[in-house]
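Using my numbering, read the sequence shown as starting at 4 and increasing by one per residue. Using N, Cα and C, we set each Cβ at its ideal position, and we do this for glycine too.
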Amino acid sequence: MSLQSYRWLMTAANAPLERAAFYAEPGPGEVVVGVAGCGVCHTDLGYLYDGVRINHPLPLALGHEVSGRVVAAGAGAEGWTGKAAIVPAVLPCGACDLCRRGLGTICRAQKMPGNDIQGGFASHIVVPGRGLCEVDEARLAAAGLTLADVSIVADALTTPYQAVRRAGVKPGSLAVVVGAGGVGGYCIQIANAFGAKVVAIDIDDDKLHAMSLHGAALAIDSRGQDLKTIKGAVTDFAKKQHLGTTEWFIFECSGTAAGQLTAYGLLVHGATLSVVGFTMDKVELRLSNLMAYDARAIGNWGCPPESYPAALDLALEGKVQIKPFVEAHPLDDINRVLAAVHAGEIKKRAVLVPS
Ligand SMILES: [Zn+2]
Ligand SMILES: [Zn+2]
């Protein structure tokens, strides 16, 4: 069964996207998902505007935060037909040695929509059935969420979920999140849900205010403040909260050079620095501080599909709020929306919804 479909293609860097028709047809093990929504990520902007390399040759539909309904299935994936699902941003092959050892995020045969395969800025997307995260629509409705709303679980929520889980945040931890935007905002909420006291650092008052209502116990506006002052404020807070001044969990979510320097400068003894945001910019820092502080720095590429249900549960249980942080736009307005997100005119996570 093939379905008449359309997608918005990137044909060259910095060029407007072009709408193109195609027939969506599932191969063995694959499904066709009718897209309910696809979130616009900082990474999409990096591909389009900043020369970040894409694995698939152009033209390519970007978009890797996809939710929708399975409308057709290939051989072996028939069980998915009709189900609502979230498509993980990173789909491991499930069969290689790395996958068998539970290391799917570094699977070398992994597929990322909008990078390795055609993405979700489209009416339909063809993806492997394995690894999809089923969405219980009764629970979704009870939580006051739409299927389009939870598209952002595919990256903005699960990526920091994996970072917080892997870092080992637990009740009584102090977590510092640099960058309170699309990913950082969820990092704050998730660290709070894991029982940490959370400090949010950003240069945008509106974002800090929003996060002080959703999980940040302390919000620091870092504009015009030197590192010593910022670290002093976190230290004072830690002492007042009886959390101590060792073993902080620091999450760099801004994806900026300035944010990376701030995050690195907050290292304390036994700290864990998680690099969650991405930038092409370089920073100069003294790597030996890791040695001297007996600290560790860890990267983070996506989230294994097997962790998606637990991450989605946080949203369905109301421990992580999505609704205040997303806004839907028609998919056919994609060129205007991407430009507006790039220009900082849309501050919430934009979710593109096919008509
Ligand atoms: Zn992303
Ligand atoms: Zn694999």
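Distance CB(residue i)-CB(residue j) smaller than 8 angstroms
| i | j | result |
| --- | --- | --- |
| glycine 66 | phenylalanine 124 | yes |
| cysteine 41 | valine 69 | yes |
| valine 237 | valine 179 | yes |
| alanine 170 | serine 277 | yes |
| serine 310 | tyrosine 164 | yes |
| threonine 265 | leucine 293 | no |
| valine 186 | threonine 162 | yes |
| proline 333 | valine 356 | yes |
| leucine 12 | alanine 64 | yes |
| glutamate 255 | valine 201 | no |
| leucine 94 | lysine 114 | yes |
| alanine 196 | valine 323 | yes |
| alanine 80 | leucine 177 | no |
Three-state secondary structure (DSSP) of residue i
| i | result |
| --- | --- |
| glycine 262 | helix |
| lysine 114 | strand |
| tyrosine 52 | helix |
| arginine 289 | coil |
| threonine 275 | strand |
| glutamine 192 | helix |
| arginine 133 | coil |
| alanine 15 | coil |
| glutamate 309 | helix |
| isoleucine 253 | strand |
| serine 128 | A quick correction: the sequence has isoleucine, not serine, at residue 128. Three-state DSSP puts isoleucine 128 in a strand. |
| glycine 37 | strand |
| glutamine 7 | strand |
| glutamate 320 | coil |
| valine 43 | coil |
| alanine 213 | helix |
| valine 93 | coil |
| valine 180 | strand |
| isoleucine 57 | coil |
| arginine 299 | strand |
| alanine 236 | helix |
| isoleucine 109 | helix |
| alanine 151 | coil |
| alanine 88 | strand |
| leucine 315 | helix |
| valine 63 | Rather than valine, the amino acid found at residue 63 in this sequence is leucine. Leucine 63 falls in the strand class under three-state DSSP. |
Residue range of the beta strand (DSSP E) that includes residue i
| i | result |
| --- | --- |
| aspartate 224 | 221-224 |
| tyrosine 26 | 21-27 |
| leucine 355 | 352-356 |
| histidine 332 | 329-333 |
| alanine 170 | Here alanine 170 belongs to no beta strand (DSSP E); instead the alpha helix (DSSP H) covers 161-170. |
N-terminal and C-terminal residue of the alpha helix (DSSP H) that residue i is part of
| i | result |
| --- | --- |
| histidine 245 | Histidine 245 -> no alpha helix (DSSP H), and no H or E assigned at all. |
| lysine 200 | Segment 200-205 is the beta strand (DSSP E) holding lysine 200; no alpha helix (DSSP H) there. |
| serine 70 | Counting along the chain, serine 70 falls outside any alpha helix (DSSP H), though it belongs to the beta strand (DSSP E) covering 69-76. |
| histidine 345 | 337-345 |
| alanine 144 | 140-145 |
| aspartate 158 | Note, aspartate 158: premise wrong, no alpha helix (DSSP H); not H, not E. |
| arginine 103 | 100-103 |
Proximity winner among the options, relative to residue i (alpha-carbon distances)
| i | options | result |
| --- | --- | --- |
| cysteine 44 | Ile191, Gly175, Ala159 | Ala159 |
| aspartate 297 | Ala313, Ser126, Gln192, Leu270 | Leu270 |
| alanine 261 | Ala75, Thr282, Leu315 | Thr282 |
| proline 62 | Gly218, Asn118, Arg103, Cys190 | Asn118 |
| isoleucine 191 | Phe240, Ala219, Ala346, Gly30 | Ala219 |
| glycine 235 | Arg226, Gly227, Thr248 | Thr248 |
| glycine 184 | Ala346, Lys200, Asp100, Lys351 | Lys351 |
| alanine 274 | Phe252, Lys285, Gly258 | Phe252 |
| alanine 166 | His212, Gly147, Ile128, Thr108 | Thr108 |
| serine 358 | Gly30, Asp205, Ser126, Arg226 | Ser126 |
| aspartate 207 | Gly198, Ala222, Leu216, Ala194 | Ala222 |
Interface flag, residue i vs chain B, CB-CB below 8 angstroms
| i | result |
| --- | --- |
| proline 333 | Chain labels in this structure do not include chain B; a single protein chain is all it has. |
Three or more beta-carbon pairs under 8 angstroms between the segment 83-90 and the segment 150-159, yes or no?
Under the 8 angstroms Cβ criterion, the segment 83-90 counts as touching the segment 150-159, having at least three qualifying pairs.
Taking contact to mean 3 or more Cβ pairs, one atom from each stretch, closer than 8 angstroms, check whether the segment 75-85 and the segment 26-35 are in contact.
At 8 angstroms Cβ cutoff, the stretches touch.
As a quick check of your reading: which residues have a C-beta less than 5 angstroms from at least one non-hydrogen atom of ligand 3, in chain order?
Here the bound small molecules are ligand 1 and ligand 2; ligand 3 is not part of this structure.
Is the number of C-beta pairs between the segment 48-59 and the segment 333-346 that are closer than 8 angstroms three or more?
Using a C-beta cut-off of 8 angstroms, the segment 48-59 makes contact with the segment 333-346, since at least three inter-stretch Cβ pairs fall below that distance.
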